[in-house]
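Participant:
Chains as they are written, first to last, in the UniProt record's numbering: chain A, 1 to 233; chain B, 1 to 233; chain C, 1 to 233; chain D, 1 to 233.
(1) Taking residue 26(A) as the query, report the chain D residues whose CB atoms sit under 9 Å from its CB, ordered along the chain.
(2) I'd like to know if the region 171-188 of chain C and the region 105-116 of chain C are in contact, where contact means that at least 3 CB-CB pairs between them fall below 8 Å.
(3) Indicate the three-state DSSP secondary structure (helix, strand or coil) for residue 170(A) in the structure shown.
(4) Looking at the structure shown, is residue 13(D) part of a helix, part of a strand, or coil, going by DSSP?
(5) Tell me, to the nearest whole angstrom, how far the beta carbon of residue 43(C) is from that of residue 74(C); I am working on the premise that it is less than 8 Å.
(6) Indicate the three-state DSSP secondary structure (helix, strand or coil) for residue 147(D) in the structure shown.
(7) Which residues share a DSSP beta bridge with residue 32(A)?
(8) If we count the other Cβ atoms within 10 Å of its Cβ and call it buried at 16 or more, is residue 8(C) buried or exposed?
(9) Taking its Cβ as the centre, do 16 or more other Cβ atoms sit within 10 Å of residue 1(C), making it buried, or is it exposed?
(10) If you draw a straight line from the C-alpha of residue 117(C) to the C-alpha of residue 163(D), how long is it?
(11) Can you find a C-beta in chain D that's less than 7 Å from the C-beta of residue 104(A)?
(12) Helix, strand or coil for residue 156(D)? Go by DSSP, reduced to three states.
(13) According to DSSP, simplified to helix, strand and coil, what is residue 124(D)?
(14) What are the partner residues of residue 74(A), as DSSP defines its beta bridges?
(15) Once the 5 residues before and after residue 61(A) are set aside, which same chain residues still bring their CB inside 7 Å of it?
(16) Can you tell me whether residue 110(A) is buried or exposed? The criterion is at least 16 other CB atoms within 10 Å of its CB, across all chains shown.
(17) Taking buried to mean at least 16 other C-beta atoms within 10 Å of its own C-beta, is residue 201(C) buried or exposed?
(18) From which residue to which residue does the beta strand (DSSP E) around residue 62(C) run?
(19) Does residue 196(C) pass the burial test, meaning 16 or more other C-beta atoms within 10 Å, or should it be called exposed?
(20) By Cβ distance, which residues of its chain are closer than 7 Å to residue 228(D), with the 5 residues on each side in sequence left out?
(21) Residues in the region 70-88 of chain C with C-beta within 8 Å of chain B's C-beta atoms, listed in sequence order?
(22) Determine the contact status of residue 115(D) and residue 198(D), defining contact as a CB-CB distance below 7 Å.
(23) Which residue marks the beginning of the beta strand (DSSP E) containing residue 67(A), and which one marks its end?
(24) Checking contacts by CB at 7 Å: is residue 240(C) closer than that to chain D?
(25) Relative to the C-alpha of residue 125(A), which residue among 23(A), 11(A), 211(A), 4(A) is closest?
(26) Shortest alpha-carbon distance to residue 58(D) belongs to which of 38(D), 76(D), 32(D)?
(27) Give a yes or no on whether 7 Å exceeds the smallest Cβ distance from residue 117(B) to chain C.
(28) Using the C-alpha atoms, what's the distance from residue 152(D) back to residue 137(D)?
(29) Provide the residue span of the alpha helix (DSSP H) that contains residue 181(C), from first to last.
(30) Taking beta-carbon pairs under 7 Å, can you tell me which members of the region 194-217 of chain D lie near chain A?
(31) Determine the DSSP secondary structure at residue 105(B), reduced to helix, strand or coil.
(32) Which residues in the same chain as residue 35(A) place their Cβ atom closer than 6 Å to its Cβ, once the five residues preceding and following it in sequence are excluded?
(33) Helix, strand or coil: which one does DSSP assign to residue 7(B)?
(34) What are the residues that DSSP puts in a beta bridge with residue 176(B)?
(35) What in chain B is Cβ-close to residue 132(C), meaning under 7 Å?
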C-alpha cells in the first residue's frame with residue numbers, strides 16, 4: 001500500500017491506452033498522472049515495454065523532478081512533465097508520444113492549420129509547433145528546457161494552456177495535457193487524427209483555405225462554451 | 001418496454017457498426033433510425049463513448065427535433081437529422097461521421113470525382129461537397145441550417161436524395177442516408193473507401209480522367225436499374 | 001452431397017481469405033475455383049456478405065457461364081470468369097477485388113512500374129492496365145467482354161497468362177488468377193502490396209528508375225526458373 | 001534434442017514477431033539467430049508460411065552458408081546472413097523484410113534523411129541506401145554478393161555496424177541486425193516507422209531541414225552514450 005496508489009493506477013491505465021489507440025510501439029511514449037494536493041505525479045518507468053507495465057511499476061516524482069517512490073528509473077522525459085506541472089496549476093495529466101502523423105508535422109516544423117470542424121471542436125487555433133531549442137539549451141538540462149520551450153511557445157502566441165491542450169515540439173514530437181490523464185490521452189488521439197486529416201486536405205487541395213472564424217467559434221462553443229450543448233449536462 | 005424499442009435496437013446496432021468499420025473514434029459520429037409512421041427517430045446520445053452505449057440509451061426525437069423519450073441529451077447533430085427526415089419522406093436512417101478520407105475531401109472543399117466503377121456502383125455523379133454556410137446561418141440555428149445546406153446543395157445540382165445517398169458538408173464532414181440505418185452505415189463505409197481511392201488515383205495520375213458515361217451507366221444499372229442483376233432477386 | 005463439393009469448399013475457403021487479407025469489404029470481390037475435368041467452376045453468390053457465406057452457398061457454373069447447380073444467383077462477374085476458364089486451359093482459380101491501391105492504379109489507367117525485387121519475385125514486367133472498353137462492348141455483354149479485354153491486353157503485349165497472373169482493368173479494378181484459387185488469392189495480396197509500394201516509391205523519388213534487367217531476371221528465376229532455389233523442393 | 005535448440009527457439013520467436021508487427025505477409029522476410037561460439041545460426045526455412053513454422057523447422061547453417069542440421073531448405077537469403085555473421089563478430093541476429101515504407105525508400109534509391117528525434121534515438125546518420133549491384137555480381141553468387149554490398153556501403157561511408165544497425169539495399173529492401181535477434185527485429189520495426197515518418201515529413205514540408213547536430217548528439221547519447229539515462233540501469 002502507498003499514499004500514491006490512486007495516481008499509480010491512473011497513470012498505468014492511461015499508459016495502457018496508448019498502444020490500444022495505435023499511438024505508440026515498443027517503449028515509446030509516456031503518460032503521467034498528478035495529485036496536485038500531494039505535489040507529485042506517477043509516471044511510466046523508462047524503457048519498459050507496455051506489456052510488462054503494472055500499476056506498481058509506476059514511479060512517483062515530485063514537481064522538481066525528484067523521485068519520491070519507486071524502484072525503477074522514471075521516463076527520460078520526466079523533467080519535462082515536472083516543469084509543466086510546476087507552472088500549470090490546473091493540469092492533472094500529461095502525455096508524450098511519437099505518433100506517426102503528429103510527429104511528421106513536428107519534423108516538418110509546421111503548425112497544423114485549422115481546416116475543419118474536427119479541429120475546431122477541440123481548438124480555435126492552428127496547433128502550434130514550437131521551434132527547436134537553441135544549442136545551449138539542448139546541451140544543458142535538455143528535458144527541463146523542453147518544458148520551458150513548450151511554455152514559451154504558448155506565451156509567445158498568447159495562448160492559454162487551459163484552452164490549447166496540445167503542442168508539437170519542432171523536430172521532436174507532440175505533447176498533450178489535460179485536467180486528467182484520460183483527457184490528455186484523448187487529446188493525443190485527437191491530435192493524431194487532426195494531423196492526418198490536415199495532410200490529406202493539403203494533398204487533395206493545396207490551396208485549401210483555413211476554416212472561417214464563424215465556424216471555428218460555433219464548433220468550439222457548442223462543445224466548450226458557457227452554453228455548450230455537446231455531451232451530457 | 002417502449003413503443004420505440006424497435007428503432008432503439010436498430011439505432012444501437014447501426015451505431016455500433018461505426019467503430020467496427022473504422023469510421024469513428026471516441027464519441028465522434030452518430031446514427032439515427034426512424035419510424036416514419038410514428039414520426040420519430042432514435043438517435044445516439046451526445047458525447048457517450050460507443051462502449052457505453054446500450055439500446056436503452058438511445059434518445060427518441062420527433063421530426064421537429066423535440067425529445068419524446070429518453071433520459072440523455074440527444075446528439076448535438078440531432079436537428080440536422082430532424083430536418084432531413086421531415087423533408088425526405090423515403091429515408092429511414094442517417095449517419096454522420098468524421099471518417100478520415102471523406103472528411104479530408106470536405107475540408108478541401110472539393111467534390112469527389114467519379115474515377116471508377118467502385119464509385120459508379122453506388123452513384124452516377126461526383127459526390128457533392130456542399131459549400132460552407134454563410135455566417136448568418138452559422139450564428140443562427142446551426143444544426144437546423146446544416147440540414148437545409150444539404151438539401152439545397154442537392155437541389156442546386158438537380159440531384160434526388162433517393163439516388164445520391166451521400167454528401168460532404170464543406171469544412172465539416174460527411175452525411176449519408178438510406179432507406180434503413182444499415183444502408184446508411186453501408187453508404188458511409190463506401191464513401192470512405194471511394195474517398196481514399198480518389199485521392200490515390202490523383203496521386204498516381206494527376207490527369208486521370210473521370211469515368212466515361214457508358215461505364216457509369218452500365219455499372220449503376222447492373223446494381224440499381226430495372227434489369228439489375230447484382231445481388232439476389 | 002454433390003459432385004462439386006470439392007470446388008465449393010475450395011471456393012468458399014478462398015473467398016473467406018479476402019476479408020482476412022484486407023482486400024474486400026462488404027460483398028465486394030469474388031473468387032472462383034474450377035474443376036477442369038468437369039468443366040465447371042464454383043463461384044461466390046452475388047451480393048452476399050462474407051460472414052453469411054457457406055460452402056453450400058457457392059454456385060456451380062459451366063465455362064459458357066450457365067448455372068449448373070445452386071439456389072442463388074452467381075456473382076455478377078461470373079461471365080468474366082467463364083471466358084477466362086474457357087480460353088486459358090491451365091488456370092484453376094480467379095479472383096476479382098476492388099482492393100484499395102490496385103484499384104487506384106486501375107482508375108489512374110497506368111501500368112504499375114516494376115521498381116523492385118518484391119515485384120520481380122512475381123513478375124518480370126510492369127503489371128499491365130487494360131484500357132477501358134469501347135462503348136459498344138460496354139453496352140453489349142459487358143462481363144463477357146471484360147474477359148476478352150483482359151485476354152486482348154495480354155495478347156497485345158505478348159504476355160503469357162501462365163507467367164503474368166494479374167492485370168488491372170482500366171477504370172475498374174484488378175483480376176488475378178493461378179493454378180489454384182489459393183494462388184490466385186495470393187496474387188491479389190501481392191498485387192495490392194506491390195501497388196502500394198510503387199505509389200510510395202514515386203512519392204519518395206518522382207524520377208525513380210525501373211528495376212534493371214539483370215535484377216529482374218535474377219529475382220524471377222530464383223523463384224520460378226528451372227534452377228529456382230526459393231521454397232521447398 | 002539438438003545442440004542448437006536455443007537458437008532454433010530464438011529464431012522461431014523472432015520470426016513470429018514479424019507478422020505481429022505488420023512487417024511481413026505470407027512467407028516474405030526472415031530472421032536468423034546466431035551462436036557465435038558454435039559458429040552457426042538458425043534461420044527460417046524458405047517459402048514456409050509463418051503459421052506453419054515451428055522451432056524445429058528452423059535450419060542450422062554455418063558461417064560459410066552450409067546447412068549443418070535441418071530437413072528443410074533454408075531461406076533463399078541465407079548466404080547474405082552468412083557473410084554478415086562471418087565478417088561482423090559482434091552481431092547475434094539478422095532480419096530481412098519487405099516492409100512497405102522501408103522497401104519504398106529502397107526502391108526509390110534514397111537514403112532516409114534524419115528529420116527528427118525518433119530517428120536520432122537510434123541512429124546519428126541518414127539511413128544508408130546501398131546502390132544496386134553491378135551486373136556481374138548479380139549474375140554471380142547473388143545472395144553472397146548482397147552481403148558484401150551491405151558491408152561495402154557501410155565501409156564507403158565510414159560507418160560502423162555496431163552503431164548503424166540497419167540499411168536499405170537499393171531496388172530491393174531493408175536488412176537490420178543487432179546483438180540479439182530480438183534487437184534486430186526491433187530495429188526493423190523502428191526503421192519502418194522512421195521510413196513512414198520521413199516520407200510524411202517531406203510531404204508536409206518539401207523543404208524540411210535535417211535535424212541539427214546538437215539534437216542528433218543529445219538524443220543518441222541519452223539512449224546510447226556513456227552517461228545514458230534512457231531505460232533501466
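Ideal placement from N, C-alpha and C gives every residue a C-beta, glycine not left out.
Facilitator: Let me spell this out:
(1) 186, 189, 190
(2) yes
(3) coil
(4) helix
(5) 5 Å
(6) helix
(7) 43(A), 94(A)
(8) buried
(9) exposed
(10) 27 Å
(11) yes
(12) helix
(13) coil
(14) 45(A)
(15) 40, 41, 43, 67, 68, 74, 78, 82
(16) buried
(17) buried
(18) 59-62
(19) buried
(20) 221, 222
(21) 72, 73, 76
(22) yes
(23) 67-69
(24) Limits of chain C in this structure are 1 at one end and 233 at the other, which puts residue 240(C) out of reach.
(25) 211(A)
(26) 32(D)
(27) yes
(28) 13 Å
(29) 181-204
(30) 196, 197, 200, 201, 203, 204, 205, 208, 211, 212, 214, 215
(31) helix
(32) 7
(33) helix
(34) 95(B), 166(B)
(35) 212, 215
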